[in-house]
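> So for the sequence shown, our numbering puts the first residue at 47; every next one is plus one.
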Amino acid sequence: MMRRSIITGTGSYLPERVVTNDELAERVDTSDEWIVSRSGIRQRHVAAEGEVTSDLGTKAALKAMEAAGVTADDIDMIILATATPDLTFPASATTIQKNLGMTHGYAFDIQAVCTGFIYALATADNFIKAGQADRVLVIGAETFSRILDWKDRTTCVLFGDGAGAIVLEADEQPGTNQDRGMLTSHLHADGRHRDLLYVDGGPSSTQTTGFLKMEGREVFKHAVTNLANVVGEALEATGLSADDIDWLIPHQANKRIIDGTGRKLKMDPTKVVVTVDRHGNTSAASVPLALDEAVRDGRIKKGDLLLLEAMGGGFTWGSALVRF
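Set out below in structure tokens:
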């Protein structure tokens, strides 16, 4: 038998305000056709004034806990993946802990930008495997609208705000590829490419928040290669094949990257979960947002094999193979 980490509940939250491409075209020199043709994005959600990352994360967490049938008393730890925390410190995970009325356990943030949720999922899985936690709340939440230069048409059209969450619970399984739960995870980073996707500010360097900067064409090239490789690693580690995957849940950065990864896997496009058209790139929130949508609309069913993957600034990238 093997101690596995099983997803017992999912949840998500999107701010009420929707910003369409046409609305952005009134602010910067762009058009709906230009944005859709290059990214597949048609709209994104933007947090209200005073609505912070921990607010989004708390709402997603409550839905995941409700789905799992647990309360704050049942949670041992909280891991929040975010690149847009409420404050420099304390960790926004501790604010979510307070919001949930949880006074025990431990909570911390992970920062791996768009790969953050995969990093957080792998970290939670290892805490569970080590016996240091039985039930973990894993959250991805972002308010990227706060670090965008709304005059830069190459970046402001791509990102949105949102949050997604899961409850991950320990369970004894036989120890085969047919087990429910986390089967394998693979994480990478290469800091040499930092200048291709970064924010030009921070407490230690400029004492400001800064704005997001990106070399889109270069990021695209690295993304297609890195994501295909990390997907291959997950399959090789388990002896499974692309044909065994029921659902690909990719980071929602760009429809062309998603399509490219799907083609390399020779996956039926109907088995790829896509939300980028409605959410934009929500960074660490994008994978759990897409996961929750597909669970709640009935596409993902118990026993389905899910392949989660993402790449973000750093560069960071990673994958996780999970049987739901």
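We put the CB at the ideal spot given by N, CA and C, even for glycine.
Given the structure is predicted, the values throughout are model-derived calculations rather than measurements.
Whose C-beta lies closer than 7 angstroms to the C-beta of Val-74 among residues of the same chain, with five residues either side of it excluded?
Only Lys-197, Arg-199 and Cys-202 meet the Cβ criterion.
> Run through DSSP, which three-state label would His-150 get?
If DSSP states are grouped into helix, strand and coil, His-150 belongs with coil.
> Rounded to whole angstroms, what's the CA-CA distance from Arg-49 to Ala-166? Just pull it up for me.
Cα to Cα, Arg-49 sits roughly 18 angstroms from Ala-166.
> Can the beta-carbon of Val-182 be found less than 9 angstroms from the beta-carbon of Ile-124?
It is a contact, given that the beta carbons lie within the stated cut-off.
> Per the DSSP calculation, Val-245 is bridged to which residue(s)?
DSSP lists Leu-258 as partners of Val-245.
> Considering only the alpha carbon of each residue, which of Thr-141, Ala-330 and Glu-339 lies closest to Val-319?
For the residues Thr-141, Ala-330 and Glu-339, the minimum Cα distance to Val-319 belongs to Glu-339.
> Taking only the alpha-carbon atoms, compute the straight-line gap between Asp-290 and Thr-252 and give it to the nearest angstrom.
Roughly 48 angstroms between the two C-alpha positions.
> Name, in chain order, the residues that DSSP records as bridge partners for Thr-56.
According to DSSP, which records beta bridges pairwise, Thr-56 is partnered with Ile-212.
> Going by DSSP, which residues form a beta bridge with Pro-296?
Paired residues: Glu-355.
> Let's test the definition: count the other Cβ atoms within 10 Å of the Cβ of Glu-355 and tell me whether it reaches 16, buried, or not, exposed.
Answer is buried; the Cβ neighbour count reaches 16.
> Does DSSP put Ile-124 in a helix, in a strand, or in coil?
Reduced to three states, the DSSP call for Ile-124 is strand.
> Report yes if the C-beta distance between Leu-352 and Gly-208 is below 9 angstroms; otherwise report no.
In this structure, Gly-208 does not lie closer than 9 angstroms to Leu-352 by Cβ.
> Based on Cα-Cα distance, which residue from Leu-311, Pro-315 and Ala-269 lies nearest to Cys-160?
Out of Leu-311, Pro-315 and Ala-269, Ala-269 has the C-alpha closest to the C-alpha of Cys-160.
> How would you label Gln-89, buried or exposed, when you count the other beta carbons within 10 angstroms and need 16 or more for buried?
Under this definition Gln-89 is a buried residue.
> Taking Ala-106 and Ala-211 to be in contact with their CB atoms under 8 angstroms, please state how far apart those CB atoms are, rounded to whole angstroms.
Indeed they touch by this definition, with Cβ atoms about 4 angstroms apart.
> Can you tell me whether DSSP reads Ala-366 as helix, strand or coil?
Correct three-state label for Ala-366: strand.
> Whole-angstrom Cβ separation of Phe-163 and Ala-127, contact assumed at under 8 angstroms?
Contact holds; Cβ gap of about 5 angstroms.
> Check each candidate in Asp-122, Gly-278 and Pro-296 and name the one with the smallest Cα separation from Phe-154.
Nearest C-alpha to Phe-154: Asp-122.
> Checking the sheet assignment: what are the DSSP bridge partners for Arg-181?
Partner(s): Glu-215.
> If you check the beta carbons only, do Phe-173 and Ala-129 fall under 9 angstroms apart?
No. Outside cutoff.
> Starting from Gln-89, trace the beta strand (DSSP E) in both directions and tell me its first and last residue.
It spans 89-92 - the beta strand (DSSP E) in which Gln-89 sits, taken as one unbroken run.
> Shortest alpha-carbon distance to Leu-242 belongs to which of Glu-218, Met-260 and Lys-267?
Measuring from the Cα of Leu-242, the nearest candidate turns out to be Met-260.
> Assuming Thr-56 contacts Leu-337 under a Cβ cut-off of 8 angstroms, what Cβ separation, rounded to an integer in Å, is found between them?
About 6 angstroms; that satisfies the 8 angstroms criterion.
> My guess is that Thr-104 and Asp-132 are in contact by the Cβ rule of under 8 angstroms, so how many angstroms apart are they, rounded?
About 11 angstroms; that fails the 8 angstroms criterion.
> For a cutoff of 9 angstroms on Cβ pairs, would you count Ala-158 as touching chain B?
This model lacks chain B altogether; it includes just one protein chain.
> Taking Arg-263 as the reference, give the member of Ser-77, Met-47 and Arg-84 with the closest Cα.
The option with the nearest alpha carbon to Arg-263 is Arg-84.
> With a Cβ-Cβ cutoff of 9 angstroms, do Val-265 and Ser-365 count as a contact?
Against a cut-off of 9 angstroms, the Cβ pair of Ser-365 and Val-265 comes out as no contact.
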